[in-house]
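Asker:
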Amino acid sequence: MFQPASLKGDSPTPIDERIRNRYLILYFFIIILSSIPCALFEYIYLGLFWKKGLYLWFFFLIPLNIMILIYLLQLSAILISVLFLTIVKLIYPPKEGIFSRDIKKKDYFYWNLRNIIKKWPLFISASNPFPWFKNRFILRFFGVKIGKNGIHDNSWISSEFVSIGKNVIIGMNSTILSFGIEQDKFILKRIIVEDEVLIGAKCVLLPGTHIKHNTKLSAHSYTDFNQILEENSIYMGHPAKLK
Amino acid sequence: MEDIDDSQFKVEYISTSGVYKTPFTLIILLQLFVGCLIVVLINLWFYNDLYYLLTGQRFLSFLFIGQWWEWFLLPLNIYGNLLLFAFSIILFSSVLFKILNKLCPPIEGVFEKGSKEWKYTHRRLWTAYFPIWLARSLPLPWSDIFVYRFLGVPIGKNVVAYEGYIDPELIEIGNYTMTSLNICIFSHLIYHDKIIIKKVKIGKACIVGPQTIISPGTILQDGAILGVNSYTWVNQVLEGDLIHVGTPVKLTLQIQSVEESQKKAEKIKGGSLREIDNINKSKSRGNR
Chain Y
4 MFQPASLKGD
14 SPTPIDERIR
24 NRYLILYFFI
34 IILSSIPCAL
44 FEYIYLGLFW
54 KKGLYLWFFF
64 LIPLNIMILI
74 YLLQLSAILI
84 SVLFLTIVKL
94 IYPPKEGIFS
104 RDIKKKDYFY
114 WNLRNIIKKW
124 PLFISASNPF
134 PWFKNRFILR
144 FFGVKIGKNG
154 IHDNSWISSE
164 FVSIGKNVII
174 GMNSTILSFG
184 IEQDKFILKR
194 IIVEDEVLIG
204 AKCVLLPGTH
214 IKHNTKLSAH
224 SYTDFNQILE
234 ENSIYMGHPA
244 KLK
Chain F
-11 MEDIDDSQFK
-1 VEYISTSGVY
9 KTPFTLIILL
19 QLFVGCLIVV
29 LINLWFYNDL
39 YYLLTGQRFL
49 SFLFIGQWWE
59 WFLLPLNIYG
69 NLLLFAFSII
79 LFSSVLFKIL
89 NKLCPPIEGV
99 FEKGSKEWKY
109 THRRLWTAYF
119 PIWLARSLPL
129 PWSDIFVYRF
139 LGVPIGKNVV
149 AYEGYIDPEL
159 IEIGNYTMTS
169 LNICIFSHLI
179 YHDKIIIKKV
189 KIGKACIVGP
199 QTIISPGTIL
209 QDGAILGVNS
219 YTWVNQVLEG
229 DLIHVGTPVK
239 LTLQIQSVEE
249 SQKKAEKIKG
259 GSLREIDNIN
269 KSKSRGNR
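Read top to bottom, the protein sequences are chains Y and F.
For what it's worth, our numbering labels the leading residue of the first sequence as 4, then goes sequentially.
For what it's worth, our numbering labels the leading residue of the second sequence as -11, then goes sequentially.
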C-alpha cells in the first residue's frame, strides 16, 4: 500500500563498491537501452497527433500516454536485464552454499554482477505509481516462483533462490533474504514458503528458512538460519518459536 | 455484518494490514484521468495564449486574447502544474472517500471475507492509495498530513506524521504528537479469513519510536512514549507519561531528567561521575 518514498521496496542489496565502480558503464548502458523504445513511442505519438484538427486529441490522450510510457519503460528494462542476466548465468551459473567474501572468488563476483544488472528494473517497478504488474510480475522474470492470489507488493523479496506458494500474504515492510553476509563469509541459500502461509508485518526471513503449509508467523519476528517452521502452527519471537 | 463479542474473541498472532486487488482498483485510472483533465484544460488555455503572443495565431479558438503579463505566469505554471495535478486528485478522491463513507460507514468489529464491510474497507483503501502516493512523492514534506485531513482522519496541530504507514480510517492523532521513521499504524488486520477492525487512539504529545507497529484497538494516553522496535497487542492501553518497551509491550519505564539519571548512576558507582571521570583520565595518563 501507500508507503513513503524511503520504504518503497527498492532493492537494498549491498553491491560491493569495488565491483560497482568498475561496472558502472554496464548499469548506464542498461538504462539507455531500455529508454530507446520509450523515445520511439513518443516520436510516433507526436507524429500521429500533433497536426491541425488533432491538437485536442493530443492533450486528452496524455493520461493514457503516461501509463503506456511507464509500463513500456518497465517492460523494456526487464527484457534487457533478463538478456544480460542469461548471458551472465551462462558464463557462471549461480550456486547455493557458503563462500568467502573475496572479489577474486567467482561466486561472490558474479552475485554482485547479477545485482548490478537487476538494479534498474527493480527500481523502476518499485517506483511505479500503479498497483498492477509490480513486484510479483518482475520477480517471475528473474526466476522466482510466486503463486497466485497473494499480497506481496509491500515487502522486499530477494530476486534469487526464493520460491513462494499460492495464497501467501507477506506483511508490510517484511523482508525475505536469501543471502547473508557474516564477517568474511557470504551465504546463499534457498528460501521455501509453501501455500496458505501468512508472514506478518516487519518480519525477516534469513537464508535457508522453510515455512510449511498453513503456518502463521506473527509480526515483528525473525527466523534463524536454516530454520524449519512446522505446518499448521503459529510462530513468534526473536528467533521464531512455537506458540 | 457479523459481530463477535470482543471479550470472547482472542487474537493469537498479529498479522498485517493489506488489500487484495479487486475490480475497484481501476478507480486509480479514473483519478489519473480527472487529474490530467484539469491540468490539461488549464494548460491549454495558457499555452494557446502564449502561442498567440508569439505568432499572432491560435491553434485552438478560445475567447481570451493574450496579454503581455502572461509571460510572468510561465515559471509559476511549470512548478504549479505539479501541485495542481496532485491537489486536484487529492480533492477528487477525498470526495469519493466521503461518498464511500456515507454508503457504508466504518464500524469496529470482526468481519468475514466477502462481507459488506470487507468490500468497503478495500474500496476505501484503494481510493486513498493514489493521492497518498502522490503526496509522498511531492517535494512538500507535510503534504501527506493534508491528505489524511482531507480524507477525514482527525490529525491535530503540529503533528509529525510522515515517513510511515498509517491507515486512512478509524485513527485519531492528538496535538504535538511525533511518529518517527518506518512505523506501521494499523486500524485493521488480516486474521485467517477474517478482518479485524478497531479504532486506534493516539493522545496528545505522544512519541512513537522508529520501527514500531501499533495494532488495532491500542490507546496511547496523553504523553505516552512507545520505545524503539516494540509493538503493541490488540486492545492494549498504554498509560500516559511513561515509556513503554517490549515485543509485545511489557516493560514500563519512568521518564527521567538528566539530573535524576546522574543521581542514580552516582548511587550505583558510589561517587560522583566527575570524580570517576578524573580518576579514569589520570589512569589513562599514567598508562601512557
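All C-beta atoms, glycine included, are put in the ideal place defined by N, C-alpha and C.
Keep in mind that this is a model prediction, so the values were computed, not measured.
1. Which residues share a DSSP beta bridge with Cys194(F)?
2. Run through chain F and tell me which residues come within less than 9 Å of Phe63(Y), C-beta to C-beta.
3. Taking 7 Å as the limit between beta carbons, can you name the residues of its chain near Trp53(Y), skipping five residues before and five after?
4. Using Cβ-Cβ distances below 9 Å, what residues of the region -2 to 18 of chain F are close to chain Y?
5. So Pro40(Y) and Leu75(Y) are in contact, right, with Cβ under 8 Å, and what is the actual spacing, rounded?
6. Check whether chain F comes within 8 Å of Lys98(Y), counting only Cβ atoms and requiring the distance to be less than that.
7. Could you check what DSSP says for Met239(Y) in three-state terms: helix, strand or coil?
8. Is the number of C-beta pairs between the region 55 to 71 of chain Y and the region 99 to 118 of chain Y that are closer than 8 Å three or more?
9. Listed in chain order, which residues of the region 211 to 231 of chain Y have Cβ atoms closer than 7 Å to some Cβ of chain C?
10. Using the Cβ count rule (16 or more neighbours within 10 Å means buried), how would you classify Tyr67(F)?
11. Against Phe21(F), what residues of chain Y qualify as contacts under a CB-to-CB distance less than 8 Å, listed in chain order?
12. With contact counted as at least three CB pairs below 8 Å, one residue from each stretch, are the region 171 to 183 of chain Y and the region 199 to 218 of chain Y in contact?
13. Determine which residues share a DSSP beta bridge with Ser166(Y) and list them.
14. Just the chain F side, please: which residues come within less than 8 Å of Pro242(Y) by C-beta, in chain order?
15. Under a three-way DSSP split, which group does His110(F) fall into?
16. Tell me the residue span of the beta strand (DSSP E) that contains Phe182(Y).
17. Given Ser166(Y), which residues of its chain have a CB within under 6 Å of its CB, disregarding the five upstream and five downstream residues?
18. Would you mind giving the Cβ-Cβ distance between Ser162(Y) and Phe145(Y), rounded to the nearest angstrom? I have them listed as a contact below 8 Å.
19. When Cβ atoms are compared, which residues of the region 151 to 174 of chain Y fall closer than 7 Å to chain F?
20. For Ile185(F) and Thr115(F), which I take to be in contact (beta-carbon distance under 8 Å), what is that distance rounded to the nearest angstrom?
21. Rounded to whole angstroms, what's the CA-CA distance from Gln244(F) to Ile195(F)? Just pull it up for me.
22. Comparing C-alpha positions only, which one of Phe85(F), Ile78(F), Phe99(F) and Trp121(F) sits nearest to Arg111(F)?
23. Comparing C-alpha positions only, which one of Ile2(F), Asp37(F) and Tyr150(F) sits nearest to Pro198(F)?
24. May I have a chain-ordered list of the beta strand (DSSP E) segments no shorter than 3 residues that lie completely inside the region 210 to 253 of chain F?
25. From Lys107(Y) to Ala80(Y), what does the alpha carbon distance come to, in whole angstroms?
26. At 3 residues or longer, what runs of the beta strand (DSSP E) sit wholly inside the region -2 to 71 of chain F?
27. Any Cβ of chain Y within less than 8 Å of the Cβ of Asn223(F)?
28. Give, in chain order, every residue of the region 148 to 174 of chain F whose Cβ lies closer than 9 Å to some Cβ of chain Y.
Answerer: According to the structure shown:
1. According to DSSP, Cys194(F) bridges with nothing at all.
2. At a beta-carbon threshold of 9 Å, the residues of chain F lying near Phe63(Y) are Cys24, Leu25 and Val28, ordered along the chain.
3. Excluding its 5 nearest sequence neighbours in each direction, Trp53(Y) has C-beta neighbours in its own chain below 7 Å: Phe61, listed in chain order.
4. Per Cβ criterion, the list reads Glu0, Tyr1, Ile2, Ser3, Thr4, Ser5, Gly6, Val7, Tyr8, Lys9, Thr13, Ile16 and Leu17.
5. Indeed they touch by this definition, with Cβ atoms about 6 Å apart.
6. Not an interface residue.
7. DSSP places Met239(Y) in strand when its eight states are reduced to three.
8. Verdict: no, contact absent.
9. Any reference to chain C falls outside this structure, whose protein chains are Y and F.
10. With fewer than 16 other beta carbons inside 10 angstroms of its own, Tyr67(F) counts as exposed.
11. Residues of chain Y passing the Cβ test: Pro66.
12. Remark: three or more beta-carbon pairs, one from each stretch, lie closer than 8 Å, so the region 171 to 183 of chain Y and the region 199 to 218 of chain Y are flagged as touching.
13. DSSP, once it has assigned bridges, lists Lys148(Y) and Ile195(Y) as partnering Ser166(Y).
14. By Cβ distance, chain F contributes nothing, its closest Cβ being about 12 Å from Pro242(Y), past 8 Å.
15. His110(F): helix per DSSP, three-state reduction.
16. Per DSSP, the unbroken beta strand (DSSP E) holding Phe182(Y) starts and ends at Phe182 to Glu185.
17. Contacts found: Lys148 and Ile195.
18. Correct: roughly 4 Å between the Cβ atoms.
19. For chain F, the residues of the region 151 to 174 of chain Y that bring a beta carbon within less than 7 Å of one of its beta carbons are Ile154, Asn157, Ile172 and Gly174, in chain order.
20. Rounded, the Cβ-Cβ distance is 17 Å, inconsistent with contact.
21. So the alpha carbons of these two residues sit roughly 15 Å apart.
22. Ranking Phe85(F), Ile78(F), Phe99(F) and Trp121(F) by Cα distance to Arg111(F) puts Phe85(F) first.
23. The option with the nearest alpha carbon to Pro198(F) is Tyr150(F).
24. 230 to 234 and 237 to 242, all fully within the region 210 to 253 of chain F.
25. Taking the straight line joining both Cα atoms gives about 29 Å.
26. DSSP runs (the beta strand (DSSP E)) wholly in the region -2 to 71 of chain F: none.
27. In terms of beta-carbon proximity, Asn223(F) stays away from the interface with chain Y, with every pair separated by 8 Å or more.
28. Here the close residues are Tyr150, Glu151, Gly152, Tyr153, Ile154, Asp155, Pro156, Leu169, Asn170, Cys172 and Phe174.
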